[in-house]
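*Asks:* Residue numbering for the sequence shown follows the working numbering, starting at 79 and increasing by one per position. We treat Cβ as the ideally placed atom computed from N, Cα and C, and that holds for glycine. Quantities reported herein were computed from a predicted structural model and do not represent experimental measurements.
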Amino acid sequence: MLKLSTKGRYGVKAMFDLAQHMGEGPTSLKSIAERQGISEHYLEQLVSGLRKAGLVKSVRGAQGGYLLGREPDKIKIGDIIRVLEGPIAPTDCVSEEDPEICSKAEFCVTRAIWEKVRDSIADVLDSITLETMLEDAKKIESERNLYMYYI
Numbered sequence: 079m080l081k082l083s084t085k086g087r088y089g090v091k092a093m094f095d096l097a098q099h100m101g102e103g104p105t106s107l108k109s110i111a112e113r114q115g116i117s118e119h120y121l122e123q124l125v126s127g128l129r130k131a132g133l134v135k136s137v138r139g140a141q142g143g144y145l146l147g148r149e150p151d152k153i154k155i156g157d158i159i160r161v162l163e164g165p166i167a168p169t170d171c172v173s174e175e176d177p178e179i180c181s182k183a184e185f186c187v188t189r190a191i192w193e194k195v196r197d198s199i200a201d202v203l204d205s206i207t208l209e210t211m212l213e214d215a216k217k218i219e220s221e222r223n224l225y226m227y228y229i
């Protein structure tokens, strides 16, 4: 089964939280951890990688915290996943970076399947930005409010 680890899932949640609170100044890891139900210590590890990749910026000081490193429409979910999980690949032989070439690669029928799986996953993750997620959240919230209105 192809499965993301908590690094990727929690990283996307944390980045989405930063996007939701954009314009409110730096956000502390403690606030993100509380809102998203993620360990603050684990979040520190994730944000470190995201900061090194330029996806988040840190602000020091008493009112410090973290901000998005780019506008939400410029951060793809695929960017976040690749930073935290590594290259997208259902098998090592079709990794986006340095695929392992086995002696049967030239004649391997299944390799083409794994390439298609890799490309499909990458296409989906790269088609969704944090801005897309913000728009989706607004739609869900307005539908929820409409539903609650009629109850």
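Thinking Lys-154 and Ile-199 are a contact (beta carbons under 8 Å), I'd like their distance in whole angstroms, please.
*Replies:* With 8 Å as the limit, Lys-154 and Ile-199 do not qualify as a contact, their Cβ atoms being about 13 Å apart.
*Asks:* Relative to the C-alpha of Ser-173, which candidate in Trp-192, Ser-220, Leu-162 and Ile-159 has its C-alpha closest?
*Replies:* The residue with the shortest Cα to Cα distance from Ser-173 is Trp-192.
*Asks:* Can you tell me whether Gly-143 is buried or exposed? The criterion is at least 16 other CB atoms within 10 Å of its CB, across all chains shown.
*Replies:* Buried, since its Cβ has 16 or more Cβ neighbours within 10 Å.
*Asks:* Measuring alpha carbon to alpha carbon, tell me which residue in Leu-133, Leu-145, Ile-110 and Glu-118 is nearest Gly-101.
*Replies:* Closest option to Gly-101, Cα to Cα, is Leu-145.
*Asks:* Under a Cβ-count criterion, where at least 16 other Cβ atoms within 10 Å of its own Cβ denotes burial, should Gly-86 be classed as buried or exposed?
*Replies:* Burial call: buried.
*Asks:* Using 7 Å as the threshold, is the C-beta distance between Lys-147 and Val-137 below it?
*Replies:* The sequence given here has Gly at residue 147, not Lys. The answer is no: Cβ separation not under 7 Å.
*Asks:* What are the complete alpha helix (DSSP H) segments, minimum 4 residues, inside the segment 130-214?
*Replies:* Those alpha helix (DSSP H) runs which fall completely within the segment 130-214 and span 4+ residues are 155-163 and 187-205.
*Asks:* Which residues in the same chain have their Cβ closer than 8 Å to the Cβ of Cys-171, if we skip the five residues on either side of it in sequence?
*Replies:* Correct list, in chain order: Pro-177, Glu-178, Ile-179, Cys-180, Ala-183, Cys-186, Arg-189 and Trp-192.
*Asks:* In the DSSP assignment, find the alpha helix (DSSP H) that holds Gly-89 and state where it starts and stops.
*Replies:* Taken as a continuous stretch (DSSP letters only), the alpha helix (DSSP H) holding Gly-89 covers 84-98.
*Asks:* Can you grab the Cα-Cα spacing for the pair Gly-89 / Pro-168, in whole Å?
*Replies:* C-alpha separation (whole angstroms): 20 Å.
*Asks:* So, using beta-carbon positions, are Gln-114 and Lys-91 closer together than 7 Å?
*Replies:* For Gln-114 and Lys-91, yes; Cβs fall inside 7 Å.
*Asks:* Using the beta-carbon count (16 or more within 10 Å), is Val-125 buried or exposed?
*Replies:* Buried, by the Cβ-count rule.
*Asks:* Could you round the C-beta distance between Ser-83 and Glu-163 to whole angstroms and report it? I think they count as a contact, below 8 Å.
*Replies:* That belief holds up - the Cβ atoms of Ser-83 and Glu-163 are roughly 6 Å apart, short of 8 Å.
*Asks:* Would you please state the rounded distance, in angstroms, between the beta carbons of Leu-212 and Gln-141? I believe it to be under 8 Å.
*Replies:* Actually they are not in contact, since the Cβ atoms of Leu-212 and Gln-141 sit about 24 Å apart, beyond 8 Å.
*Asks:* For Asp-157, count the other beta carbons within 10 Å of its own beta carbon; 16 or more makes it buried, fewer makes it exposed. Which is it?
*Replies:* So Asp-157 counts as buried.
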